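For the sequence shown, numbering that gives the first Met the number 0 begins at 0 and goes up steadily by one. Just so you know, even glycine gets a beta-carbon here, dropped at the ideal spot from N, CA and C. These figures come from a predicted structure and were not determined experimentally. What follows is one structure encoded as structure tokens, with my remarks underneath.
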Amino acid sequence: MYDDAGNLQDDGSISSTYSGRNRLVSTQGALAPTLYQYNAFGERVYKQGQTTTLFAYDEQGHLLGEYDSVGNLIAETIWLDDTPIATIRPDTESHNGLTAGNVKIFFIHPDHLDTPRTIVDTSNQAIWQWHSDPFGTTPANEDPDNDGNNFVSNLRFPGQYFDIETNTHYNYFRDYEPQTGRYVQSDPIGLKGGINTYSYVGNDSLSYTDEYGLLKWRRPAWWKKTKEELFLRSGNKCEKCGKKFRDNPDFKGPRGGSDDPQFHHVKGNEWAGVIKPIMDRLACILPGKQVRKIGAKMFNNVKKLLVLCQDCHKKEH
Numbered sequence: 000m001y002d003d004a005g006n007l008q009d010d011g012s013i014s015s016t017y018s019g020r021n022r023l024v025s026t027q028g029a030l031a032p033t034l035y036q037y038n039a040f041g042e043r044v045y046k047q048g049q050t051t052t053l054f055a056y057d058e059q060g061h062l063l064g065e066y067d068s069v070g071n072l073i074a075e076t077i078w079l080d081d082t083p084i085a086t087i088r089p090d091t092e093s094h095n096g097l098t099a100g101n102v103k104i105f106f107i108h109p110d111h112l113d114t115p116r117t118i119v120d121t122s123n124q125a126i127w128q129w130h131s132d133p134f135g136t137t138p139a140n141e142d143p144d145n146d147g148n149n150f151v152s153n154l155r156f157p158g159q160y161f162d163i164e165t166n167t168h169y170n171y172f173r174d175y176e177p178q179t180g181r182y183v184q185s186d187p188i189g190l191k192g193g194i195n196t197y198s199y200v201g202n203d204s205l206s207y208t209d210e211y212g213l214l215k216w217r218r219p220a221w222w223k224k225t226k227e228e229l230f231l232r233s234g235n236k237c238e239k240c241g242k243k244f245r246d247n248p249d250f251k252g253p254r255g256g257s258d259d260p261q262f263h264h265v266k267g268n269e270w271a272g273v274i275k276p277i278m279d280r281l282a283c284i285l286p287g288k289q290v291r292k293i294g295a296k297m298f299n300n301v302k303k304l305l306v307l308c309q310d311c312h313k314k315e316h
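What follows is the structure in structure tokens.
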């Protein structure tokens, strides 16, 4: 059963209620009733069910930490750009992690989409695995080493967090149901987002991601390439004219971080045609500050497409 806004209210086993902004605020099912709260950016920061969990995020919306009701550590995640690379747990964790003070560190192995697939201990023994089907219906294996000690990790597809109370994935502005391969809330932008307003990444979850529950996004090969990596890959040559770059003691390119103009070659109207439709859609649901952050991130990656010398850079402008 759905409400007038297209939100799933009752699927026969779980009943849900939503706020005036179509955000899930409570659920009632086989487990304890669960309540949810969100911050000004739309990020879920509080979940109260059988236990209480508090959530903290970075400026890009990555989940940094999970804590109990009094602030004790449950889990923290270390990110490299958009890739989760490690998880931090209390030293009471039974598995052998890299000890640092009163915590243990375990290492995450993600797939090509940055979905966590395996977590290992210091001996490279898998202590958690998620070998799911394309839409994520398969439960995670929390004891692949068969030692009788479960290791819990709730990260799923990029931008998603598994909720055991509903067997769905919190996905920022919507909630994803892997059993049906679609969202339980309609697209906030309506039919402008496509004829199927519940679709997850256009039913192509092997190629696309949706970190905000708003639009599918395919990460090109250059997504994670830094300016320095692109410069080195070009053989220190301009990709437009083939001219060798000169050694310059003031140049901070492949030998350090770079804001050199030769990398900033894309005209505003060239990238705006790519980014603007996406930003218009996000503006319907996100606060302005968050829209600007996402737009800047997209722009920085678009700028990395080419490596131009100063002459070609000037010609482009």
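Quick one: complete beta strand (DSSP E) runs, 3+ long, within the segment 0-24?
Correct list: 14-17.
Can the beta-carbon of residue 52 be found less than 9 Å from the beta-carbon of residue 37?
Taking the first residue of the sequence shown as 1, we reach residue 52 at position 53. Taking the first residue of the sequence shown as 1, we reach residue 37 at position 38. The Cβ-Cβ distance between residue 52 and residue 37 does not fall below 9 Å.
Give the straight-line distance between the Cα atoms of residue 47 and residue 69, rounded to the nearest whole angstrom.
Taking the first residue of the sequence shown as 1, we reach residue 47 at position 48. Taking the first residue of the sequence shown as 1, we reach residue 69 at position 70. Using only the alpha carbons, I get a separation of about 13 Å.
Which same chain residues end up closer than 6 Å to residue 55 when comparing Cβ atoms and leaving out the 5 residues on each side of it in sequence?
Counted from its first residue, the sequence shown places residue 55 at position 56. For residue 55, where only same-chain residues beyond five positions count, the Cβ hits under 6 Å are 63 and 64.
Relative to the C-alpha of residue 184, which candidate in 160, 12 and 20 has its C-alpha closest?
One-based indexing of the sequence shown puts residue 184 at position 185. Out of 160, 12 and 20, 20 has the C-alpha closest to the C-alpha of residue 184.
CB contact flag (residue 151, residue 164, <9 Å):
The residue you call residue 151 lines up with position 152 of the sequence shown. The residue you call residue 164 lines up with position 165 of the sequence shown. Not a contact, by the Cβ cut-off of 9 Å.
Can you tell me which of 80, 10, 196 and 43 puts its alpha carbon nearest to the alpha carbon of residue 161?
What you label residue 161 is simply residue 162 of the sequence shown in a count that begins at 1. For residue 161, the closest alpha carbon among the candidates 80, 10, 196 and 43 is that of 43.
Report the rounded CA-to-CA distance for residue 6 versus residue 194, giving the unit in angstroms.
By 1-based counting over the sequence shown, the position of residue 6 is 7. By 1-based counting over the sequence shown, the position of residue 194 is 195. If you take the alpha carbons of residue 6 and residue 194, they lie about 16 Å apart.
Counting only the same chain and skipping the five closest in sequence on each side, list residues whose C-beta sits under 8 Å from that of residue 2.
Locating residue 2 in the sequence shown gives position 3, where the first residue counts as 1. Taking C-beta separations shorter than 8 Å and ignoring five residues to either side along the sequence, the partners of residue 2 in its chain run 8 and 17, following chain order.
Using a Cβ-Cβ cut-off of 6 Å (strictly less than) and excluding sequence neighbours within five positions of residue 143, which residues of its own chain qualify?
The residue you call residue 143 lines up with position 144 of the sequence shown. If you ignore the 5 residues before and after residue 143, its C-beta comes within less than 6 Å of the C-beta of 125 and 128, all in its own chain and listed in chain order.
6 Å Cβ shell around residue 168 - same chain, five flanking residues per side excluded
In the sequence shown, counting from the first residue as 1, residue 168 sits at position 169. Setting aside the 5 residues that flank it on each side, residue 168 is surrounded in the same chain by 155, 159, 161 and 175, each with a C-beta closer than 6 Å to its C-beta; the list follows chain order.
Sheet register partners of residue 64 (DSSP bridge)
Here residue 64 corresponds to residue number 65 of the sequence shown, with the count starting at 1. In DSSP, residue 64 forms a bridge with 55 and 75.
Please go through the same chain and pick out, in chain order, the residues whose beta-carbon is closer than 7 Å to the beta-carbon of residue 22, but skip the five residues on each side of it.
Locating residue 22 in the sequence shown gives position 23, counting from the first residue. Within the same chain, 37 come within 7 Å of residue 22 by CB-CB distance, once the 5 residues on both sides are set aside.
Among 28, 40, 41 and 45, which residue has its Cα nearest to the Cα of residue 34?
As a first step, residue 34 is located in the sequence shown; it is residue number 35 there, counting from the start. The shortest C-alpha separation from residue 34 is found at 45.
Residue 11 and residue 171 closer than 9 Å at C-beta
Taking the first residue of the sequence shown as 1, we reach residue 11 at position 12. Taking the first residue of the sequence shown as 1, we reach residue 171 at position 172. For the pair residue 11 and residue 171, the CB atoms are not nearer than the 9 Å cut-off.
What would DSSP say about residue 202, mapped onto helix, strand or coil?
Along the sequence shown, read from residue 1 onward, the residue named residue 202 stands at position 203. Of the three classes helix, strand and coil, the one that applies to residue 202 here is helix, per DSSP.
Close Cβ partners of residue 27 (< 6 Å) along its chain, the five nearest in sequence each way excluded:
As a position in the sequence shown, residue 27 is number 28, starting the count at 1. If we look at residue 27 and ignore the five residues flanking it on each side, its Cβ neighbours are 14.
Can you tell me whether DSSP reads residue 190 as helix, strand or coil?
The residue labelled residue 190 in the question sits at position 191 within the sequence shown. Looking at residue 190 - three-state DSSP - the assignment turns out to be helix.
Between which residues of its own chain and residue 208 is the CB-CB distance below 6 Å, once the five residues before and five after are set aside?
Stepping through the sequence shown from its first residue, residue 208 is reached at position 209. Excluding five sequence positions before and after residue 208, the CB atoms of its chain that fall closer than 6 Å to its own CB belong to 112, 157 and 216, given in chain order.
Would residue 4 be called buried (16 or more neighbouring beta carbons within 10 Å of its own) or exposed?
Position 5 of the sequence shown, counted from the first residue, corresponds to residue 4. Per the 10 Å Cβ criterion, exposed.
Give the DSSP bridge partners of residue 176, in chain order.
By one-based count along the sequence shown, residue 176 stands at place 177. Paired residue(s): 181.
When you compare the CB positions of residue 130 and residue 116, do they come within less than 9 Å of one another, or not?
Locating residue 130 in the sequence shown gives position 131, counting from the first residue. Locating residue 116 in the sequence shown gives position 117, counting from the first residue. Result yes, Cβ atoms of residue 130 and residue 116 sit closer than 9 Å.
Opening and closing residue of the beta strand (DSSP E) in which residue 155 lies:
Within the sequence shown, residue 155 is the residue found at index 156, counting from 1. Neither: residue 155 is in no beta strand (DSSP E) and is coded neither H nor E.
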